[in-house]
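Here the structure is laid out as structure tokens; the discussion comes afterwards.
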Amino acid sequence: MKRFALSLLMPVLLLVDVGSSLAQDGLEYRLEATEITPGVWVVEGSTESFSRENGGNIVNTAFIETDVGVVVIDSGPSRRYGEAFRALIETTTGKSITHVLITHHHPDHAFGNQAFEPETLYMLPASRELLARDGDAFSDNMYRLVGDWMRGTEIVLPPNTLEPGEWQVGNRRFRLLELTGHTGSDLVVFDETSGVLFTADMLFYDRALTTPQSPGLDVWAAELEALEALPYRWVVPGHGPVVEGDVAFRQMQDYLAWLDRTLSQAATEGLSMMEVMNLPIPERFEGVAERRHELIRTTTHLYPHYEKAALALLPE
Amino acid sequence: MRGWMALGLALLSVTVQAGFPEDPFHSPMWEYNLERYLGDDSEVVHDERVELQVPPFAEDSAQVPLTLDLTAFPEPAQRIVTWVDLNPIPHLFTYEPGADPVRLLSLNFRVQQATTVRAAVQDAEGVWHLGSAYVDAAGGGCTAPSLTSANPDWEKVFGTVRGGAFSRAEHTRYKLNVMHPMDSGMVGNTPAFYIEQVALYREGDPHPLLRLELSQSAAENPMFVFELEQEAPRSRLWMRDNNGNVFERHLGGTSS
Ligand SMILES: [Zn+2]
């Protein structure tokens, strides 16, 4: 992969270069940026699970132009994605990247870090600790699930940390929020200037939520309520289509509440873990991709807590 | 020639197989494990009424759920043996019945790699009825250190037993959980340390309602589910691990 230093002068040439160097093994991310509102761009991934077909491009990444440079949200699932993403940002905006905010430590959001200048990478301190702790295990799993797309990908811990609160970059005013529902440390970025809310994986839309590090569905639901109170106009979920208004929140709250209720009720009825994985999913969630797959995963992660709570301590 | 071999497809394979029907999953361990756990002259048939449920993939290789549902099986099981074909020690549990036959059994297991899982249920004639299932896995469940013993406070929770009895129409379901590392003995220098024997008694009755013998494929902090064809009596749970620790607890009637 060639350097990007010339990209400001030769955006078209660079694009060709990226295409030809990656085409050799046929694994090429075809990333497209959509402008939601002036200067706010989203690169929408599929709502699938990781596979060798999608190369892990199942995530939404974004970039926002300011008058001092570009703020990027998440780096994607692999080095190769990060490189294609960076090329796309630079050709689209013609500006240099000042900040890359990594919303949480999941591989699809943080494994493209290598493609960016280290000094531009930012993360919440707790998220960064999680990335340091789980990164290698995630990496093994990603190589297993998506294979060659991962080639050359190494974990890069952002050197810079973020604090929640008001955050000004040039002519844009952001609000950064630190939540916990999805992984224990989840960054949400609200662009107050444009009214676009980047929820990252605190919100899934038309895609079942994932829970491997969630502190609990009740915690998540409560935080979601607080998030929804922000004066947003557009919502960019971590996975699933960008939408205007509250439709994504409605679906997510409904789904979360159903999951929580279903797991508690199953525990009170003494269902086994396997029986819970096989429970019917209401028809109204038919549009939620990967719902059975994620019910199997979530049951593994969270049902033991519900089960134990429904049992009595047996004295000796 | 065994009587059951006269049936269906099994007849075709009689000249090349040792006498077992063909494995629809083509596991390399098929005959070896049948001989090992059921005996080489045992009669074996595939039987859909032995409903063995495992997920299509293991989200956690150290905790893979298994439920054996025998509600469609027409007679009481005389004995049940379950195993995980490609695990270093495949055996999961052996069940022996008491007066009330079991309708449903659940226990989480470990997987070392993607594998077939088997449940063999013996009928009164001695024939083994087999249920099979396949689980995909990243693996390593047998050689991953237990979370319990990695936790410095594990001794405080060691041996904690939780339980409940759930009434289901005319049946009773018991759910029992014990905090135990269930070390497989395959991780570094940690010796095997696991619960070998489980028995459930009706209070005041010396004959068990059921007995289980466990092996190293069982997951840590086991959560047992047993559904019996009876009303819930006051009962007593008894367990012993391979180090001689005995755990004994009493359980009231139906709690919900
Ligand atoms: Zn995530």
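Which chain is which? The protein sequence lines are U and A, in order. What the first sequence shows, in our numbering, is residues 6 to 321, in sequence order. What the second sequence shows, in our numbering, is residues 42 to 297, in sequence order. Glycine included, C-beta positions come from ideal geometry on N, C-alpha and C. Note that the coordinates shown come from a computational prediction; the quantities given were computed from them, not determined experimentally.
Buried versus exposed call for residue i [16 or more other C-beta atoms within 10 Å across all chains shown]
{"i": "A:H67", "result": "exposed"}
{"i": "U:L5", "result": "It is not possible to answer for residue 5 of chain U, since the shown part of chain U is limited to 6 through 321."}
{"i": "A:K216", "result": "buried"}
{"i": "A:G60", "result": "buried"}
{"i": "U:R91", "result": "buried"}
{"i": "U:A271", "result": "buried"}
{"i": "U:P123", "result": "exposed"}
{"i": "U:R302", "result": "buried"}
{"i": "A:G182", "result": "buried"}
{"i": "A:R203", "result": "buried"}
{"i": "A:D81", "result": "exposed"}
{"i": "U:P287", "result": "exposed"}
{"i": "U:A28", "result": "Model confidence at U:A28 stands at a pLDDT of 46, short of 50, so the residue's coordinates are unreliable; what they give is reported in the following sentence. So U:A28 counts as exposed."}
{"i": "A:P193", "result": "exposed"}
{"i": "U:G31", "result": "exposed"}
{"i": "A:V198", "result": "exposed"}
{"i": "U:D113", "result": "buried"}
{"i": "U:N176", "result": "exposed"}
{"i": "U:R255", "result": "exposed"}
{"i": "A:D101", "result": "buried"}
{"i": "A:E196", "result": "exposed"}
{"i": "A:A210", "result": "exposed"}
{"i": "U:D223", "result": "exposed"}
{"i": "U:A338", "result": "Because chain U in this structure spans residues 6 to 321, residue 338 of chain U falls outside the shown range and cannot be described."}
Contact belief for residue i with residue j at Cβ below 8 Å, rounded distance in angstroms
{"i": "A:Q153", "j": "A:T201", "result": "With 8 Å as the limit, A:Q153 and A:T201 do not qualify as a contact, their Cβ atoms being about 28 Å apart."}
{"i": "U:L229", "j": "U:G186", "result": "7 Å"}
{"i": "U:P163", "j": "U:L182", "result": "Rounded, the Cβ-Cβ distance is 18 Å, inconsistent with contact."}
{"i": "A:P117", "j": "A:P138", "result": "6 Å"}
{"i": "U:E233", "j": "U:D251", "result": "7 Å"}
{"i": "A:S256", "j": "A:I121", "result": "That belief does not hold up - the Cβ atoms of A:S256 and A:I121 are roughly 14 Å apart, past 8 Å."}
{"i": "A:P222", "j": "A:E244", "result": "Actually they do not touch by this definition, with Cβ atoms about 30 Å apart."}
{"i": "U:Y34", "j": "U:A89", "result": "5 Å"}
{"i": "U:A315", "j": "A:G293", "result": "Not really, about 15 Å apart at Cβ, beyond 8 Å."}
{"i": "A:A179", "j": "U:R149", "result": "6 Å"}
{"i": "A:R151", "j": "A:S83", "result": "Not a contact, Cβ separation roughly 26 Å."}
{"i": "U:Y210", "j": "U:M257", "result": "7 Å"}
{"i": "U:S199", "j": "U:T42", "result": "5 Å"}
Proximity of residue i and residue j at Cβ, strictly below 8 Å
{"i": "U:R84", "j": "U:G50", "result": "no"}
{"i": "U:N65", "j": "U:Y86", "result": "no"}
{"i": "U:L268", "j": "U:V281", "result": "yes"}
{"i": "U:A324", "j": "U:V293", "result": "Because chain U in this structure spans residues 6 to 321, residue 324 of chain U falls outside the shown range and cannot be described."}
{"i": "U:V105", "j": "U:V73", "result": "no"}
{"i": "A:H248", "j": "A:A140", "result": "yes"}
{"i": "A:E272", "j": "A:A103", "result": "no"}
{"i": "A:P97", "j": "A:V176", "result": "yes"}
{"i": "A:F267", "j": "A:L278", "result": "no"}
{"i": "U:W46", "j": "U:E53", "result": "no"}
{"i": "A:V143", "j": "A:V86", "result": "no"}
{"i": "A:Y242", "j": "A:S276", "result": "yes"}
{"i": "U:E312", "j": "A:M220", "result": "no"}
{"i": "U:T71", "j": "U:V174", "result": "yes"}
{"i": "U:M147", "j": "U:P82", "result": "yes"}
{"i": "A:T135", "j": "U:S277", "result": "no"}
{"i": "A:D164", "j": "A:E237", "result": "no"}
{"i": "U:H111", "j": "U:T158", "result": "no"}
{"i": "A:Y73", "j": "A:W124", "result": "no"}
{"i": "U:P36", "j": "U:L93", "result": "The question names Pro, yet the displayed sequence has Leu at residue 36 of chain U. Yes. Within cutoff."}
{"i": "U:L261", "j": "U:W225", "result": "yes"}
{"i": "A:D224", "j": "A:Y235", "result": "yes"}
{"i": "A:D110", "j": "A:L145", "result": "yes"}
Residue i: CB within 7 Å of a non-hydrogen atom of ligand 2
{"i": "U:G140", "result": "Absence of ligand 2 is noted for the structure shown, with ligand 1 being the only ligands found."}
Item to check | Segment contact, 8 Å Cβ cut-off, at least three pairs: the segment 235-247 of chain U with the segment 205-213 of chain U | outcome: yes
Item to check | Stretch pair the segment 283-295 of chain A + the segment 143-159 of chain A: three plus CB contacts closer than 8 Å | outcome: no
Item to check | Unbroken stretches of the beta strand (DSSP E), 3 residues or longer, contained in the segment 134-195 of chain A | outcome: 143-147, 156-163, 169-176
Item to check | the segment 80-92 of chain A in contact with the segment 170-180 of chain A per 3-pair CB rule at 8 Å | outcome: yes
Checklist entry - Do the segment 129-143 of chain U and the segment 91-102 of chain U make contact, defined as three or more Cβ pairs closer than 8 Å? => result no
Checklist entry - Is the segment 224-235 of chain A touching the segment 109-124 of chain A in the sense that three or more CB pairs, one from each, lie closer than 8 Å? => result no
Item to check | Segments of 3+ residues assigned as beta strand (DSSP E) that fall wholly inside the segment 176-261 of chain U | outcome: 177-184, 191-196, 201-209, 239-244
Checklist entry - Unbroken alpha helix (DSSP H) runs of length 4 or more, entirely within the segment 111-188 of chain U: which are they? => result 112-115, 130-151
Next on the checklist: In chain order, what are the residue ranges of uninterrupted beta strand (DSSP E) at least 3 long that sit wholly in the segment 24-78 of chain U?
Outcome noted: 39-42, 45-48, 66-71, 74-78
Item to check | Every unbroken beta strand (DSSP E) within the segment 75-146 of chain A, with a cutoff of 3 residues, ordered by chain | outcome: 85-87, 92-94, 108-110, 120-125, 132-138
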